[in-house]
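Protein chains: 2
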Amino acid sequence: MDGDDPMRVFAAFNEIGIISQLATAMLAASLSDGLHPSHFMIVNHLARMGDGKTPVKIAGAMQVTKNTMTHSLRVLESRGLIEISANPEDGRGKLVFLTEAGRAFRDEAIVAVSARFDAVLTPEIEDLLARIRPDLVALRAHLDRSRTPQGI
Amino acid sequence: MDGDDPMRVFAAFNEIGIISQLATAMLAASLSDGLHPSHFMIVNHLARMGDGKTPVKIAGAMQVTKNTMTHSLRVLESRGLIEISANPEDGRGKLVFLTEAGRAFRDEAIVAVSARFDAVLTPEIEDLLARIRPDLVALRAHLDRSRTPQGI
DNA sequence: CTTGACTGGTTCGATGTAGAACTATATGTC
DNA sequence: GACATATAGTTCTACATCGAACCAGTCAAG
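Protein sequences appear in the order of chains A and B. Counting in the numbering used here, the first sequence runs from 1131 upward without gaps. Counting in the numbering used here, the second sequence runs from 1131 upward without gaps.
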């Protein structure tokens, strides 16, 4: 049936969307002080990839727009988790650095979220995750590559 | 290494989150009139599963809260895509029905989004999706089951 | 050196979503 | 039947996110 085919593809992406939502909800429940998962993602990114990045770089990595990043960084700065300084090499730009509190927040969040995941993950599910990961990576890479292929 | 393990699990869910985001973006780009993917999901759900459902039922299926559903349904009603009537069997409740315009909107959206997906999907990717789907279903079912296990 | 195109960030307005408090109806227990 | 509890929807507030417009600084072309 022709009509069913788009629905099948759709269903797979729908499952992915629901899983993402459930995992995000678990992450959100592990964070304190009303911090949002996106805030943790930013701090985690800076800790893993190294800080001193520009807001635009971080926005690109997080796949959000510049204006969203401006907002998120303001929240993180007001909580003392990051520090923002002028970019000495570019008068327009800024650079984002983690504070000690930011690194501590990240470490604590990882402990909390790991505990929550551990309570849910069975050996079978861990096997499942390891099994599908290469396909997920390939799928993400393909979608990423196909995004806005020629812009205008 | 102990420290890497949570990050590995995390990475898999992160890939899933990014894929979900990219797929949602493709869906959003296929919708007209400023309609949001969530609006399409609601209409699509009613078309597939049958309309005449209560808002709470729909909210449960969409995994959003009641108040969010109140808002979304108001948008859909103002666009003439659904009609809301009182539930004759429950004085508190309401029932949501698709209009002809709602069904037409859904059909057109499916055509548009299918075209967009077709432009991206290769046979290899379709194989990949078919391959991982059982695991995705199992993973979603497991996470769903583990959610709020004992409430308090 | 000047001008035009581009880029980094911010601001504004709008929207989807969530949490909490509230009203109205239903249901179960005495 | 009366009351306690639960459920359906709404409202209010708050927040993350986006698109569009905007300013400031960079860079390339003349």
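Here a beta-carbon is modelled for each residue, glycine too, at the ideal position from N, C-alpha and C.
Nearest to E1207 (chain A) by alpha-carbon distance, out of A:G1223, A:N1217, A:E1219 and A:G1232, is A:G1232.
Looking at the DSSP output, F1227 (chain B) shares a beta bridge with B:E1213. Counting every other CB atom within 10 Å of its CB across the protein chains shown gives H1169 (chain A) a total of 16 or more, marking it as buried. Here K1187 (chain B) is not bridged, per DSSP, to any residue. Close to V1250 (chain A), with beta-carbon spacing below 8 Å, are these residues of chain B in chain order: H1272, L1273 and S1276.
Not a single CB atom of chain A sits nearer than 7 Å to the CB of V1194 (chain B). Contact with chain B is found for F1247 (chain A), since one of that chain's Cβ atoms lies less than 7 Å from the residue's Cβ. Among the residues of chain A, none has a CB under 8 Å from the CB of T1229 (chain B); the nearest is roughly 21 Å distant.
Restricting attention to B:T1154, B:F1143 and B:I1148, the CA atom closest to the CA of F1140 (chain A) is found in B:T1154.
Residues of the segment 1205–1225 of chain B whose Cβ lies closer than 7 Å to any Cβ of chain A: none.
Taking 9 Å as the cut-off between beta carbons, the residues of the segment 1251–1269 of chain B near chain A are L1251, T1252, E1254, I1255, E1256, L1258, L1259, A1260, R1261, I1262, R1263, D1265, L1266, V1267, A1268 and L1269, in sequence order. Assignment of A1249 (chain A) by DSSP, reduced to helix, strand and coil, places it in the coil class. Taking 8 Å as the upper bound for CB-CB distance, F1227 (chain A) and D1181 (chain A) are in contact here, some 5 Å apart. Excluding sequence positions up to five before and after T1229 (chain B), its CB lies within less than 8 Å of the CB of G1210, L1211, I1212 and E1213, all in the same chain and listed in chain order.
Within a 10 Å sphere around the beta-carbon of M1199 (chain B) sit 16 or more other beta-carbons, which makes this residue buried. The continuous stretches of alpha helix (DSSP H) do not include L1161 (chain A), and DSSP gives it neither H nor E. For the segment 1146–1164 of chain A, the beta-carbon criterion of a distance under 9 Å to any beta-carbon of chain B is satisfied by I1146, G1147, I1148, I1149, S1150, Q1151, L1152, A1153, T1154, A1155, M1156 and L1157. In this structure, DSSP gives D1237 (chain B) a helical state, which the three-state scheme calls helix. In the DSSP assignment, R1204 (chain A) falls within the alpha helix (DSSP H) that extends over K1196 to S1208. A1142 (chain A) belongs to the set of residues whose beta carbon lies under 7 Å from a beta carbon in chain B. DSSP, read as helix, strand or coil, puts E1256 (chain A) in helix.
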